[in-house]
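*Asks:*
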């Protein structure tokens with residue numbers, strides 16, 4: 240089954256404790272992206288990647304890092320989490336070639352609470 | 118990418134057609150209109166997309182005005198399970214290169230289907 244898998248789905252942590260949210264897709268997609276969703280603010284893009292070793296900032300990259308060492312994986316790293324990073328996070332992927340409908344496939348979300 | 122304007126919320130009776138409007142007056146010639154929906158706090162789900170012709174699939178119909186400055190997503194027979202936030206996005210396809218890879222969702226329209 241084609242899917243985007245995020246882990247963990249729920250996490251409560253404390254300020255400053257480094258954490259990684261993993262994202263894996265099994266569709267051989269070139270494009271992957273991270274979003275955060277906060278009440279009243281919609282979905283905002285954090286980082287995106289066009290292929291292995293190619294990443295770029297979205298609209299709200301501060302406080303986050305990403306890496307794309309393998310095509311299927313795109314982890315989101317919070318080196319020193321702060322309470323303002325408490326949010327619902329989504330990973331998404333898509334093909335980049337011309338046969339693509341442009342559809343983004345989303346994971347089920349990771350709800351992060353930073354105390 | 119062009120910005121979009123959607124109503125904050127709409128109501129619809131179960132079994133009736135739900136017509137969700139989207140204004141995108143600054144759309145350019147190579148930008149597509151995409152619709153996604155998000156049920157509760159699940160990952161957003163692709164619904165449909167179009168360039169200038171009306172489109173229909175098993176989920177919905179998309180009507181784009183002749184000047185392409187607005188569009189309407191139609192759910193022909195809304196059910197309670199269609200209660201969700203619906204996002205209208207306008208963007209160039211990914212294969213176009215450049216800044217096409219940045220993709221931000223707005224706040225969308227909360228559609229509530231009532232029994």
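Chains as they are written, first to last, in my numbering: chain A, 240 to 354; chain B, 118 to 232. Just so you know, even glycine gets a beta-carbon here, dropped at the ideal spot from N, CA and C.
1) Less than 8 Å separating the beta-carbons of residue 226 of chain B and residue 126 of chain B?
2) At a CB distance below 9 Å, what residues from the stretch 154-187 of chain B approach chain A? Give them in sequence order.
3) I'd like to confirm the pairing. Which residues does DSSP put opposite residue 227 of chain B in its beta bridges?
4) What residues match up with residue 271 of chain A in a beta bridge as DSSP calls it?
5) Where DSSP assigns a beta bridge to residue 246 of chain A, which residues make up the other side?
6) Hey, quick one: how far does the beta strand (DSSP E) through residue 167 of chain B stretch, first residue to last?
7) Is there a Cβ from chain A that is less than 8 Å from the Cβ of residue 220 of chain B?
8) Kindly indicate which three-state DSSP category residue 159 of chain B falls into: helix, strand or coil?
9) DSSP on residue 220 of chain B, reduced to helix/strand/coil?
10) Is it the case that the stretch 242-262 of chain A contacts the stretch 342-351 of chain A, given that we only count it when at least three CB pairs across the two stretches are under 8 Å?
11) Which of the three DSSP states is assigned to residue 197 of chain B in this structure?
12) Assign residue 313 of chain A to one of three DSSP states: helix, strand, or coil.
13) If I measure Cβ to Cβ from residue 137 of chain B and keep anything under 7 Å in the same chain, skipping five residues before and after, which residues do I get?
14) Between which residues of its own chain and residue 177 of chain B is the CB-CB distance below 8 Å, once the five residues before and five after are set aside?
15) So is residue 120 of chain B in contact with chain A if we call contact Cβ pairs under 8 Å?
16) Can you list, in chain order, the residues of its chain with a C-beta nearer than 6 Å to that of residue 334 of chain A? Leave out the 5 residues immediately preceding and following it.
17) Tell me, please, whether the CB atom of residue 326 of chain A is closer than 8 Å to any CB atom in chain B?
18) Quick check on the DSSP output: the beta strand (DSSP E) that includes residue 136 of chain B runs from which residue to which?
*Replies:* According to the structure data:
1) The answer is yes: Cβ separation under 8 Å.
2) Residues of the stretch 154-187 of chain B whose Cβ lies closer than 9 Å to any Cβ of chain A, in chain order: 155, 158, 159, 160, 161, 162, 163, 166.
3) Answer is B/126, B/202.
4) Looking at the DSSP output, residue 271 of chain A bridges to A/288, A/332.
5) For residue 246 of chain A, which the question treats as bridged, DSSP gives the partners A/261.
6) Counting along the chain, the beta strand (DSSP E) containing residue 167 of chain B begins and ends at 162-167.
7) For residue 220 of chain B, the nearest beta carbon of chain A is closer than 8 Å to its own beta carbon.
8) Residue 159 of chain B: coil per DSSP, three-state reduction.
9) Look at residue 220 of chain B here: in three-state DSSP terms it is coil, with no helix or strand label.
10) In short, these stretches touch, since the Cβ pair count reaches three.
11) Reduced to three states, the DSSP call for residue 197 of chain B is helix.
12) The answer is coil: DSSP assigns residue 313 of chain A none of H, G, I, E or B.
13) Non-local beta-carbon contacts of residue 137 of chain B in its own chain, meaning distances under 7 Å to residues more than five positions away in sequence, involve 127, 189, 190, 203, 226, 228 in chain order.
14) The residues are 152, 164, 165, 190, 191, 192, 193.
15) With 8 Å as the cut-off, residue 120 of chain B does not count as an interface residue toward chain A.
16) Excluding residues within five positions, the ones whose Cβ falls inside 6 Å are 268.
17) Residue-level contact check: residue 326 of chain A does not touch chain B, since none of the beta carbons of chain B fall below 8 Å from its beta carbon.
18) Unbroken beta strand (DSSP E) run through residue 136 of chain B: 135-140.
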